[in-house]
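In UniProt numbering, the protein residues as written are 1 to 693. Written below as structure tokens is the structure these notes are about.
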């Protein structure tokens with residue numbers, strides 16, 4: 001029988017450009033503070049600055065007749081590119097990738113002899129990615145005690161090789177590209193054609209393609225130009241707040257409904273906060289308004305060109321405050337006129353379009369639909385869309401696409417989150433969506449990269465600020481929360497609409513389950529530890545497989561069929577003493593188990609509690625171990641009945657595979673009944689799977 005294969009829809013070129021631009025922006029934006037510092041030092045201390053100081057500005061000679069080095073030159077030549085290279089490497093492979101990326105960046109810096117921002121954007125991610133691939137080659141194969149030696153020498157050797165590659169191969173290519181791009185910009189300026197760039201830049205902003213243009217080309221070229229001329233016009237080609245402000249002012253006067261009501265607040269956020277995306281839905285609601293943005297942008301650039309105005313450093317975010325902070329000392333008049341005239345022209349064109357339109361398209365539903373369209377193009381929930389009428393009211397995030405990443409977060413990222421993630425992963429996989437990643441993490445390690453975040457109801461408020469773009473679900477029963485069914489239905493509806501959740505290339509069910517269990521406590525969902533670039537385990541194994549060294553995590557002597565404790569705290573002590581007797585923890589960890597219980601309950605549901613230490617107590621763990629105690633008469637656990645207490649202590653996530661097996665047992669009522677009736681320790685170990693075989 002022939003099997004029909006459904007081809008996975010191709011991702012559009014626009015989406016790829018958006019992702020590329022977002023990645024570039026991710027290397028630049030965290031370091032904007034350093035750019036501002038360099039801009040301020042330049043403005044103050046160079047020869048033409050407000051307070052010229054040769055030793056700082058790098059002009060003139062010292063007492064020995066040698067040129068003053070200053071701070072300005074080394075900052076732009078070394079500090080800023082190295083920061084970008086480190087950030088790019090860290091985005092790919094955490095701190096280890098950042099260090100190797102910075103070493104590689106040093107090679108292109110020295111090789112080119114000019115500020116190597118584009119080179120840093122290449123070598124940083126390249127260093128992180130290649131180091132990550134190399135680490136997978138010997139992952140799990142290093143003999144205990146040699147990890148630090150192998151990790152340090154591998155990073156050092158590969159970093160040195162990358163530095164040489166950057167020096168001899170990459171720097172000449174980047175220098176040639178920079179020179180060619182600079183000549184193109186020079187041609188546009190000399191021929192009065194620079195304003196025409198708005199024809200491309202303004203639509204790109206609304207389509208979220210601006211980051212690739214701004215941070216990939218304009219910012220590096222502008223910095224190099226500023227080093228030579230002391231200022232650059234390129235920094236405001238994309239960041240001018242005038243075009244967007246003019247459109248919002250037009251809606252304030254001639255709009256209707258939610259659009260008119262929300263425009264004043266949006267204007268403040270846009271003009272002073274520098275968050276330009278807040279006006280994008282207004283343009284998407286009436287696409288003809290892109291003409292107003294283009295006209296305003298062209299006017300602003302033309303004004304800058306005619307007045308010779310420029311900026312010392314990148315204007316990001318593009319608020320009026322940042323605009324004036326980075327304006328060159330001789331450019332305040334030109335900059336003011338640029339923003340003002342761009343606003344006026346954009347306003348006049350937008351007002352004309354709104355006034356002459358038969359269908360003004362300003363109903364609440366249209367703005368809400370436009371906001372949803374904006375988020376769909378952006379690929380994630382907008383953090384500012386709640387300011388627009390009819391959009392994501394009540395602070396509840398609206399999914400802009402299919403659910404791909406789900407994270408279960410708790411205080412320590414060990415026991416309860418691993419259990420909950422395992423249960424939820426199995427449910428989502430059973431529903432037919434094995435490619436949806438379900439991982440666990442400590443709240444302190446959360447990043448705003450998830451579609452859905454699940455937490456204990458006492459921790460939700462702590463998780464929300466770090467993951468504002470995600471849908472949040474609160475639970476109090478980790479084994480059988482009704483919220484799990486809601487999440488599964490949300491996954492089904494979002495992925496069914498997308499149509500590509502179940503393509504022919506999905507992982508086997510067992511491999512997908514294993515991929516998420518032991519990886520998320522220290523790693524973002526999008527890149528589980530020891531995985532390939534596609535998120536699948538390099539050597540996917542069935543869920544019950546035993547990781548190296550895990551054979552004694554759950555030992556027979558750590559299983560008690562009839563516990564003696566009669567209270568919650570006594571049960572925690574009893575479970576902790578078993579871990580202590582195994583030499584797995586010290587007394588401080590037992591104290592941390594009580595501290596954890598006082599902050600958030602470790603009750604899982606299905607008669608189970610898994611007390612474990614706080615995130616700060618990991619130093620008290622000597623080796624991984626799990627203890628299991630049964631209380632046939634039950635214990636009152638904060639108002640819930642508990643008959644099974646599982647004490648958990650884990651090093652390097654070695655305990656997580658057994659937690660997954662425990663979760664499978666306690667979501668099966670028949671197996672819970674077998675545990676209650678078990679007469680021997682061997683029966684208990686057998687029910688928990690082959691984790692010790």
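The beta carbon of each residue, even a glycine, is placed where N, CA and C say it ideally should be. This one's a predicted model, so the numbers in the text were calculated from it and none came from an experiment.
By the Cβ neighbour-count rule, residue 642 is buried, with 16 or more other Cβ atoms within 10 Å of its own. When the Cα atoms are used, residue 426 and residue 666 turn out to be separated by approximately 13 Å.
Under DSSP, residue 405 takes part in a beta bridge, and its partners are 437. Residue 626 sits away from residue 560, with the two beta carbons spaced by 8 Å or more. When secondary structure is reduced to three states using DSSP, residue 633 falls in the strand class. Taking 8 Å as the cut-off, the Cβ atoms of residue 404 and residue 429 do not count as close. Excluding residues up to 5 positions away in sequence, 230 and 329 lie with their Cβ nearer than 8 Å to the Cβ of residue 48 in the same chain.
Secondary structure of residue 106 (DSSP, three-state): helix. Take residue 92, set aside five residues on each side of it, and the residues of its chain with a beta-carbon closer than 7 Å to its own are 125, 128, 129 and 132, in chain order.
Here the alpha carbons of residue 357 and residue 112 stand approximately 55 Å from one another.
DSSP lists 409 and 474 as the bridge partner or partners of residue 455. The alpha-carbon separation between residue 270 and residue 277 amounts to approximately 8 Å.
Segment contact: the region 338-352 against the region 291-301, three or more CB-CB distances shorter than 8 Å; contact assigned. Assigned with DSSP and collapsed to three states, residue 223 falls in helix. Secondary structure at residue 280: helix, using DSSP grouped into helix, strand and coil. Leaving aside the five residues that flank residue 489 on each side, none in its chain has a CB nearer than 8 Å to its CB.
Residue 343 carries a helical assignment under DSSP once its states are collapsed to helix, strand and coil.
Less than 8 Å separates the beta-carbon of residue 582 from that of residue 555.
Contact annotation: residue 452 and residue 487 have beta-carbon atoms nearer than 8 Å. Residue environment: residue 31 is assigned as buried (16 or more neighbouring CB atoms within 10 Å of its CB, all protein chains considered). The C-alpha of residue 24 is placed about 12 Å away from the C-alpha of residue 89. Taking C-alpha positions only, residue 166 is separated from residue 104 by approximately 6 Å.
Going by DSSP, residue 647 is part of the beta strand (DSSP E) stretching over 640-649. Between the region 572-579 and the region 619-634 there are three or more inter-stretch CB-CB distances shorter than 8 Å, so the stretches are counted as touching. C-alpha of residue 220 to C-alpha of residue 117: approximately 6 Å in a straight line.
Rounded to whole angstroms, the separation of the alpha carbons of residue 322 and residue 74 is 24 Å.
A residue is called buried once 16 or more other Cβ atoms fall within 10 Å of its Cβ, and residue 178 is buried on that count. Residue state for residue 146 is assigned as coil, using DSSP reduced to three classes.
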